[in-house]
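Keeping their order, the protein sequence lines are chains B and Z.
In terms of our numbering, the first sequence is residues 8 to 152.
In terms of our numbering, the second sequence is residues 8 to 152.
Just so it is clear, CB atoms sit at the ideal spot from N, CA and C, and this is done for glycine as well.
Quick notes on the structure that follows.
Number of protein chains: 2
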Amino acid sequence: MRLTLHTDLALRLLMLLDVNRDTWTNLTFASEKLEASQNHLNKVAQRLAKEGWVVSQRGRGGGLRLGMDAQEVSIGTVVRTLEAPSALVACMPGGNGQCTLLGPCRLKAILQNAEEAFLNELDKVAIGKLTEKNQQLANLLLDPA
Amino acid sequence: MRLTLHTDLALRLLMLLDVNRDTWTNLTFASEKLEASQNHLNKVAQRLAKEGWVVSQRGRGGGLRLGMDAQEVSIGTVVRTLEAPSALVACMPGGNGQCTLLGPCRLKAILQNAEEAFLNELDKVAIGKLTEKNQQLANLLLDPA
């Protein structure tokens, strides 16, 4: 049971941008700090930009920046948005591409219910809570430039 | 966010064995019904046997059978046992194999908490509840032999 690397990286990028909320962060810096490829990070940033959570500016002195109030967007909202709906409920891929048990299988509803409990917990925590009064994280992620 | 195919298949195999609780189920039958390879199913069965949830008997007329009371073992117990502990909390694999943010990152604890909420929901439902008074499922999975 795991989040996709895409979502994982998105959460960490938002943390990094929140720490550096007063400046534009360039992709090279973010890539080094998060130990992720610029290519992957760029895809994640584009996805977040689509939601308005990140804004980007081209050219010298540009880069990425939060496009939201990090206290207003929850981890749950980010996970719900980035993860495929109910990907958790991976029904058996049957011969025709559908689970052979579809219909009478009660597992799907039970897993969806549990997934909802999972997401409800994440709804309680704003992205901003990850960085708030977290000097140790700031030391790691703050852009000295 | 998803369960591993291994766990998914385990849950479905337990459902099938519960439907056929009065007989030995052979692997060929289970493999056809669940549209999974015998090899994969065998691995899953061995893992379940290790927990005593499935017993196997070699030879003609043998096969697999539930080794537990399906009303006594919850879906949560099965998932907790088969999934790697906190695999959900996939920290960023950093250069040294550890997440670069380890330590000040609050995400891990928050995701673990949410995972616990997910599993708590699954703890409430016994494997036996998946098959109980589920004639449509029995029609699909009952071994006519």
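Under the Cβ distance rule, valine 80 (chain Z) does not count among the residues neighbouring chain B, no pair being separated by less than 8 Å. Non-local beta-carbon contacts of glutamine 45 (chain Z) in its own chain, meaning distances under 6 Å to residues more than five positions away in sequence, involve Leu34 and Ser38 in chain order.
Not flagged as an interface residue toward chain Z: asparagine 46 (chain B), since no C-beta distance is shorter than 8 Å. By the rule that beta-carbons nearer than 8 Å mark a contact, alanine 124 (chain Z) touches chain B.
Beta-bridge partners of glycine 70 (chain Z) (DSSP): Z:Gln64. The DSSP-derived three-state label of serine 81 (chain Z) is strand. The beta carbon of arginine 113 (chain B) falls within 8 Å of a beta carbon belonging to chain Z, placing the residue at that interface.
A direct Cα-Cα distance of roughly 16 Å separates lysine 40 (chain B) from leucine 137 (chain B). Three or more pairs of CB atoms, one per stretch, sit closer than 8 Å, so the stretch 129–149 of chain B contacts the stretch 111–125 of chain Z.
Within the DSSP secondary-structure output, threonine 32 (chain B) pairs in a beta bridge with B:Leu71. Taking 8 Å as the cut-off, the Cβ atoms of histidine 47 (chain Z) and leucine 16 (chain Z) count as close. Taking a beta-carbon distance threshold of 8 Å, alanine 121 (chain B) counts as an interface residue toward chain Z.
Think of a sphere of 8 Å around the beta carbon of glutamate 58 (chain B): no beta carbon from chain Z falls inside it, the nearest being about 18 Å out. Annotation: glutamate 58 (chain B) to valine 86 (chain B) spans about 12 Å, alpha carbon to alpha carbon.
Per DSSP, leucine 10 (chain Z) lies in no alpha helix (DSSP H) segment and is marked neither H nor E.
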